[in-house]
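With the first letter of the sequence shown counted as 1, position 403 gets the number 879 in the numbering used here; the numbers rise by one all the way through.
Virtual Cβ for every residue (Gly too), placed ideally from N, Cα, C.
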Amino acid sequence: MVNTPISKEIVDKKIKENNIADVGKASIRVIKKLIDEIEKETGEKFVRMEMGVPGLPPAQVGVAAEIDALKRGVAAIYPDIHGIPELKNEISRFVRLFLDVDVKPTGCIPTVGSMQGSFAAFLLMNNLHEGKDTTLFLDPGFPVHKQQHRVLDLKFESFDVYNYRGEKLRNKLESFLSKGNISCMLYSNPNNPSWICFTEMELKIIAEMAEKYNVIIMEDLAYFGMDFRKDYSKPGFPPFQPTVAKYTDKWILFISSSKAFSYAGQRIGMMVISDALFNLKSERIKTRFSSDIFGNAMIFGTVYSLSSGTAHSAQYALAAILKAANDGDFNFRNDVLEYGKKAHIMKKLFVENGFNIVYDKDLDEPIADGFYFTYSYPGYSGEELLKEMLYYGVSAISLAITGSEKTEGMRACVSLVKRDQFAALEERLKCFNLNNPY
Ligand SMILES: Cc1ncc(COP(=O)(O)O)c(C=O)c1O
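Structure, rendered in structure tokens:
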């Protein structure tokens with residue numbers, strides 16, 4: 477056995493001190509705190525891949541516009557709940573130019589991060605129609621969405637799409653939707669954690685099934701344009717970011733500014749409601765959500781009661797970022813392409829040292845290199861691997877907390893790993909591989 481780079485004693489002590497019964501099942505934030513403490517005590521830097529935070533500077537055009545807005549005094553004034561007109565117009569333009577989809581500015585609503593948008597949407601969706609009170613997650617997925625359901629005391633069902641790609645998705649969806657209790661379904665594309673991307677054919681199937689069973693689709697575009705196999709960054713020109721909105725008319729898109737524009741700290745995202753859904757009427761929501769019109773209930777019922785809108789200055793920042801992107805003056809893809817380049821190198825290091833990539837294909841095409849990748853090691857469950865690799869100074873999260881059936885897998889996020897850490901990563905993976913022959 478080669479000595480592990482991090483003291484086993486300290487790792488075990490810190491796990492105990494933090495009262496973590498099972499590290500493999502711990503949430504992302506709990507793992508983060510644990511690693512912070514181990515790093516402090518050992519003086520050793522981990523290769524940190526547990527948290528999906530941007531590792532790049534924020535879009536500068538946004539920072540400048542935000543400073544300017546603050547100097548003009550917007551901090552003193554409540555913003556409109558539905559968003560400032562400049563931003564609503566730019567969101568609508570963005571959707572047309574980068575998704576090739578038309579939506580009126582009325583349905584383009586800034587939210588306090590895309591997390592607030594989904595929270596508001598889950599609440600409203602599951603109260604629209606009698607008996608339709610359950611969300612379907614196309615997993616693997618972002619654990620916080622399920623946490624939102626627990627907090628709201630809402631029901632959800634889920635399945636891992638791994639074995640149901642392509643045409644197989646149709647029957648699988650039908651088996652859930654035909655029961656009649658599903659109000660909405662949610663997936664992220666590209667997917668956190670697996671980085672799979674649905675094909676146009678799969679998006680069409682999702683749309684057809686949703687229409688057949690009167691289910692609303694929530695498409696989480698937290699990683700907008702970050703399937704780097706294609707260049708989705710030219711406004712008004714194909715290829716466009718794939719979206720279900722091309723195939724049906726009742727949808728909500730959540731477009732986060734956190735990753736594509738590295739603007740996570742200002743907590744601003746976009747909830748884009750299709751025109752048809754915005755105008756949908758339901759007597760059932762009238763009293764509780766203050767309007768029988770879906771869009772108005774969302775704005776004046778739900779978003780109003782959550783935060784009375786989104787920070788004023790951040791709205792100016794996002795408006796400026798989108799305007800620059802829409803006008804072709806800011807190529808956001810160029811700024812974040814580095815994630816894909818790093819992922820390519822890191823995946824290679826893992827594979828060369830005995831690890832496997834878990835989610836590796838979109839049908840017959842290799843998945844993109846991007847913000848996340850998934851890996852496993854023969855003989856280990858994800859939960860065991862998470863713990864074991866702490867002794868090697870490599871941190872990630874187990875896929876088990878994401879609804880994945882691939883319980884041997886781990887999710888790695890490339891954003892915080894610096895290129896000058898690649899040598900350390902390689903050395904640690906080699907050491908792990910030496911100590912774990914198979
Ligand atoms: C799939 C997914 N959805 C939503 C979010 C949250 O986005 P925001 O920062 O805009 O709230 C994340 C962040 O990691 C994510 O991975």
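Within the same chain, show all residues whose beta-carbon is closer than 8 Å to that of residue i, passing over the 5 residues directly before and after it, in chain order.
i       : result
Lys-459 : Since the first and last residues shown for the chain are 477 and 914, residue 459 lies out of range.
Phe-806 : Ala-535, Val-537, Ile-797 and Ala-800
Val-523 : Gly-869, Val-870, Ser-871, Val-893, Gln-897, Ala-900, Leu-901 and Arg-904
Phe-770 : Leu-600, Leu-604, Ile-749, Leu-753, Phe-754, Asn-755, Leu-756, Lys-757, Ser-758 and Ile-761
Glu-526 : Ile-504, Ile-507, Lys-508, Ile-511, Ser-871, Ala-872, Ile-873 and Cys-889
Ile-775 : Ile-557, His-558 and Ile-585
May I ask whether a heavy atom of ligand 1 can be found less than 7 Å away from the beta carbon of residue i?
i       : result
Asp-615 : no
Met-591 : yes
Gly-528 : yes
Asn-665 : no
Ser-738 : no
Phe-618 : yes
Asp-696 : yes
Ser-734 : yes
Gly-745 : yes
Asn-668 : yes
Per DSSP, what kind of secondary structure is residue i in: helix, strand or coil?
i       : result
Glu-695 : strand
Arg-463 : This structure cannot settle anything about residue 463, because the visible part of the chain is limited to 477 through 914.
Ser-732 : strand
Leu-679 : helix
Asn-832 : strand
Met-822 : helix
Val-917 : The shown model of the chain, from 477 to 914, leaves out residue 917, and the question about it has no answer.
Asp-636 : strand
Thr-582 : helix
Tyr-856 : coil
Thr-480 : coil
Tyr-723 : coil
Glu-566 : helix
Leu-969 : Since the first residue of the chain shown is 477 and the last is 914, residue 969 is not available in this structure.
Met-780 : The sequence shown places Tyr at residue 780, not Met. Here Tyr-780 sits in helix by DSSP.
Leaving out the 5 sequence neighbours to the left and right, which residues in its chain are closer than 6 Å to residue i when beta-carbon positions are compared?
i       : result
Gly-559 : Ile-585 and Pro-586
Phe-595 : Gln-624
Leu-645 : Glu-678 and Ile-681
Pro-581 : Lys-564, Asn-565 and Ser-568
Lys-818 : Val-890
Excluding the five sequence neighbours on either side, which residues of its own chain have a C-beta within less than 7 Å of the C-beta of residue i, listed in chain order?
i       : result
Gly-804 : Pro-711
Gly-879 : Phe-613, Asp-615, Pro-616, Gly-617, Ser-634 and Asp-636
Tyr-867 : Thr-480, Ile-482, Lys-484 and Val-487
Ala-773 : Leu-600, Ile-761, Phe-765, Ser-766 and Ser-767
Glu-881 : Asp-636 and Tyr-638
Val-579 : Ser-568, Val-571, Val-748, Ser-750 and Asp-751
Which whole-angstrom value is the C-beta distance of residue i and residue j, which I expect to be below 8 Å?
i       : j       : result
Thr-611 : Cys-660 : 6 Å
Tyr-835 : Ile-843 : 6 Å
Phe-765 : Met-747 : That pair is no contact at about 15 Å.
Ser-709 : Phe-808 : 6 Å
Cys-673 : Asp-703 : 5 Å
Gly-816 : Asp-845 : 4 Å
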